[in-house]
């Protein structure tokens, strides 16, 4: 019989089963919806994702992005304007062909991403250098008829995300935008959500369809697979030529704008938050995005009044609930630990007589006994340390996972250990494809790319072809 | 030549042109997207709608609704489960028939509303009376392939809305939910957004497809047409039978649940906010949902430093921006009045020398001169009065618009004046349809329904058939 009380799979031993159990038992999403690859997001994930949206949007607005909302449908002719983009996305497009009983003359795509929606309006909105940099974003659902196997949150057919689309006067400004996007990713994904990652420049054969350069953050799962998180793209001028987006520069000349685009997928980032911080007990939410921050458990009915009084004080600065359910105290303790609530207050009569309180901190997984009068001060102190503790732990796990390798044998060994292999490589342009294919065939892992912030110079030879190594690349398995 | 500087149409004289100008000149939405009936929402509307979402969601959560997010696609077979619902919505459904090159065996509907998505999960989630009332909501985009003429914000093919879906143990509880929904509408739509409305129970021939009883809030446009705002429905047991949603009651018996559903459409409510408060100068936003609350205009460059200092103080409690654009001061004044910013600070050197400040209040459309040291206190005071002033004005306009009528001639006259006609009517059940059709044919107006809070008893005879009047109904033109 299935143990309904808690997570029974071990995260390190059977990650896949652990992840599925967490999704189901913590009620993050119901997987039984009758269209393949689509989830029913439940309150516990929706509440956290709402906060995640808020943090991303605040930072984007502070950096000058203006919120828009574009139609979810895009005419086929828009997608066709840029051939690489069409080729890259058309196998994945959900097509709307009919309204009521009426067949459309032109099919509508359910947006897989919105470049081709935004750009036709950029064509109308951008006139002069005064309009640039033109920085937008939208909060939206996007759709991919994935041909690969879907996985809850990690690869789904409807994705909850943010997409930013910007136009710039020069290539340099576009590149600065890409660097700003990387920094935004650090500010939010790492410093608030506590998810470590490496930003790679993707090799030529793995770029966003239509992009000149693609940079993507890879986060790591305990099974050693990386999962692509936000990516930012130098779309450069392919699209501006296709959509005829010109501006009059200071010198009076008409020029094509340079495009960039950045896409943090909230529902997929949520998966990394769950995966990175969770443990064998269940979820562990960073304080800032926890759906609930404090749970109060009155161990005796006589403590109910005190519970209400504490709730009143705490709710002035944190979200708080009292668990009045019929479960035994032990079950309640386990329940809230599994649900990843940062602080639990166990209200026992013995403590109360001594004017003491027992707090459970999910960051350190330990109980502390405090004086009742110190409660507010203590919660406020914990709230400031909480996410830092989670980040410290996550960073440590991540750091140990990169292994230097000198040949295919060492790469294989590193990948088998669940590490990211680092090595010399001939070329990340199209001519490097054969070597990358050999690596993939022999190890099941992919060349994820190079680092902009790489500190060492490539030494020696390509691990595969023995030609001069022009790059240091990172190799990992992915989903 | 088009005057680009401001609104040239008069709201009362040419409402339709006024509304279009406000949308375009205030940059609420761009109407040039290349799919009919779809808008590109621009920052000025998106920022306000985000706040509108926040207020609705806060109230819903406080009243015990849990946020969910369901797939945007619904299999055709779900829609088919309840025949009235299918009949009502299928002419309006966007159908997805293809993923990439692959034709689907079963068509997917792009959700026109999500009853048939939620209910199949309710079937899995609801087991016992302990689970009830089960109260959910989602923030979502929905799609209607409208056969009627579309109008920006008022009737579009993609709608930004909230939908709540609830299951209850008894009909009484379901009816209490409907009353709660009406109250939520008052709390948010009227008391925060300042939009007056009347909640009508719709006649039998105008119910939500599949509903037992439908209640809908009608707001009023200056051209005398009403626009349907949130509606709440006693779905009752038709759907629970169709989706087999049963619960075990306290008495051990298996019973069908009672459903209710409520749908505030944020993008359409936004239209009523614009229409109700706007004037010949342009927009007028309630303080709480203004995309920007305070605009500072330094009339001389020497005032820039002071502007920055004031901004720093104000941004602690309100959103504020300084207008450094190249326009002349007069143009800037007009611009921010048109954009509906509640408070404008005109920073002139003469005022500053005397330690004075000139504030423009958009609620009263007047300038006030205050002591510099009183600025924060004054803004805080205005922020508390602002929306109340807007509400008072809006309520007054609305109140005068209901006319008692005794025959078709009087109804015609009332409708011609842009009023809502009130009269005795035979029946709001199916047998009243012929009389309603006569009214519609002769006046172009519809029977909007009866009021739950009607104070008088129906007297006399039906205005059309002269049979006994069983109801007092309200008649108005709509979109």
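Chains as they are written, first to last, in my numbering: chain A, 1 to 479; chain B, 1 to 479.
Yeah, the Cβ is synthetic: ideal placement off N, Cα and C, and Gly gets one too.
For clarity, every value in this text was computed on a predicted model and none was experimentally measured.
Taking DSSP as the reference, what is the three-state secondary structure of residue 171(B)? In the three-state reduction of the DSSP assignment, residue 171(B) falls in the helix class, which pools H, G and I.
By the criterion of Cβ-Cβ separation under 9 Å, what are the contact partners of residue 92(A) in chain B? Near residue 92(A) (Cβ distances below 9 Å), the residues of chain B are 99 and 100.
Can you give the Cα-Cα distance for residue 278(A) and residue 36(B), rounded to whole angstroms? Computed Cα separation, rounded: 46 Å.
Excluding the five sequence neighbours on either side, which residues of its own chain have a C-beta within less than 6 Å of the C-beta of residue 393(B), listed in chain order? If we look at residue 393(B) and ignore the five residues flanking it on each side, it has no Cβ neighbours.
Assigned secondary structure, residue 69(B) (DSSP; H/G/I helix, E/B strand, else coil): Residue 69(B) sits in a strand when the DSSP states are folded into three classes.
For residue 138(A), three-class secondary structure by DSSP: Reduced to three states, the DSSP call for residue 138(A) is strand.
Does residue 24(B) come within less than 8 Å of chain A when only Cβ atoms are used? Chain A contact via Cβ: absent.
Helix, strand or coil for residue 492(A)? Go by DSSP, reduced to three states. No information on residue 492(A) is available, as it lies outside the stretch 1 to 479 that chain A covers here.
Cβ-Cβ separation, residue 138(A) to residue 70(A) (assumed contact under 8 Å), whole Å: Between residue 138(A) and residue 70(A) the Cβ distance is about 6 Å, and since that is below 8 Å, they are a contact.
Using only CA atoms, which one of 429(B), 408(B) and 430(B) lies nearest to residue 422(B)? Of 429(B), 408(B) and 430(B), the residue nearest in Cα terms is 408(B).
To the nearest angstrom, report how far apart residue 465(A) and residue 225(A) are at their CA atoms. One C-alpha to the other measures close to 25 Å.
Pick out the complete beta strand (DSSP E) segments inside the stretch 358 to 409 of chain B, 3 residues or longer, and give them in chain order. With a minimum length of 3 residues, the unbroken runs of beta strand (DSSP E) contained wholly in the stretch 358 to 409 of chain B fall at 366 to 371 and 402 to 404.
With distance defined between alpha-carbon atoms, name the residue in 231(B), 92(B) and 108(B) nearest to residue 99(B). Closest by C-alpha distance to residue 99(B), out of 231(B), 92(B) and 108(B), is 108(B).
Could one say the Cβ of residue 148(A) lies closer than 8 Å to chain B's Cβ atoms, at least one of them? No, because no Cβ of chain B sits closer than 8 Å to the Cβ of residue 148(A).
Give the range of the beta strand (DSSP E) segment to which residue 345(B) is assigned. For residue 345(B), the enclosing beta strand (DSSP E) has its first and last residue at 343 to 347.
Let me check one thing: in DSSP terms, what residues is residue 40(B) bridge-paired to? Bridge pairing for residue 40(B): 30(B) [DSSP].
Just how far apart, CA to CA, sit residue 9(A) and residue 293(A)? The alpha-carbon atoms of residue 9(A) and residue 293(A) are separated by roughly 25 Å.
Here's a check: name, in chain order, each residue in its chain whose Cβ is nearer than 8 Å to the Cβ of residue 154(B), leaving out the five neighbours to either side. These residues qualify, in order along the chain: 227, 268, 271 and 479.
Pick from 151(A), 124(A) and 162(A) that is closest to residue 140(A), judged by C-alpha positions: The shortest Cα separation from residue 140(A) among 151(A), 124(A) and 162(A) belongs to 162(A).
Proximal residues to residue 376(B) (C-beta, below 7 Å), its chain only, five neighbours per side dropped: Excluding residues within five positions, the ones whose Cβ falls inside 7 Å are 313.
CA-CA distance, residue 482(A) and residue 217(A)? Chain A is shown only over 1 to 479; residue 482(A) falls outside these bounds and no answer can be derived.
If we define contact as Cβ-Cβ less than 8 Å, is residue 160(A) a contact residue for chain E? Among the protein chains of the structure shown, namely A and B, there is no chain E.
Skipping 5 residues on each side, what residues in its chain have a beta carbon closer than 6 Å to that of residue 2(B)? Note that residue 2(B) scores a pLDDT of 41, beneath 50, so its modelled location is shaky; the value from the coordinates is reported in the next line. Taken in chain order, the list of residues that qualify is empty.
Give me whichever residues DSSP pairs with residue 166(B) in a beta bridge. Listed as beta-bridge partners of residue 166(B) by DSSP are 135(B) and 260(B).
Buried versus exposed call for residue 33(A) [16 or more other C-beta atoms within 10 Å across all chains shown]: Classification for residue 33(A): buried.
Quick one: list the residues of chain A neighbouring residue 458(B), beta-carbon separation under 7 Å, in chain order. Near residue 458(B) there are no residues of chain A at all, since even the closest Cβ is about 39 Å away, more than 7 Å.
Per-residue contacts from residue 245(A) into chain B (C-beta, under 9 Å): In chain order: nothing, as chain B lies at least about 15 Å away.
Coarse secondary structure for residue 62(A), derived from DSSP in three states: Three-state DSSP puts residue 62(A) in a helix.
Which residues in chain A have a C-beta closer than 9 Å to the C-beta of residue 120(B)? List them in chain order. For residue 120(B), the residues of chain A that pass the 9 Å Cβ criterion are 32, 33 and 34, in the order they occur in the chain.
Would you call the CB atoms of residue 221(A) and residue 15(A) closer than 8 Å? Pairing residue 221(A) with residue 15(A) gives a Cβ-Cβ distance under 8 Å.
Residues from the stretch 65 to 93 of chain B in contact with chain A, defined by Cβ distance under 9 Å: 66, 67, 68, 69, 70, 71, 72, 73, 74, 75, 77, 78, 90, 91, 92 and 93: these are the residues of the stretch 65 to 93 of chain B whose beta carbon lies less than 9 Å from some beta carbon of chain A, given in chain order.
Just verifying my parser: in three-state terms, what is the DSSP assignment at residue 476(A)? Reduced to three states, the DSSP call for residue 476(A) is strand.
I think residue 258(A) touches residue 173(A), with their Cβ atoms under 8 Å apart; what is that distance to the nearest whole Å? Contact flag correct, Cβ pair sits at about 7 Å.
Pick out whichever of 359(A), 51(A) and 202(A) has its Cα sitting closest to the Cα of residue 188(A). The residue among 359(A), 51(A) and 202(A) with its C-alpha nearest the C-alpha of residue 188(A) is 51(A).
Residues near residue 356(B) by beta carbon distance below 6 Å, same chain, minus five either side: So the list reads 369, once near-sequence residues are dropped.
Within 10 angstroms of its Cβ, does residue 324(B) collect 16 or more other Cβ (buried), or is it exposed? Residue environment analysis places residue 324(B) among the exposed positions, since fewer than 16 neighbouring C-beta atoms fall within 10 angstroms of its C-beta.
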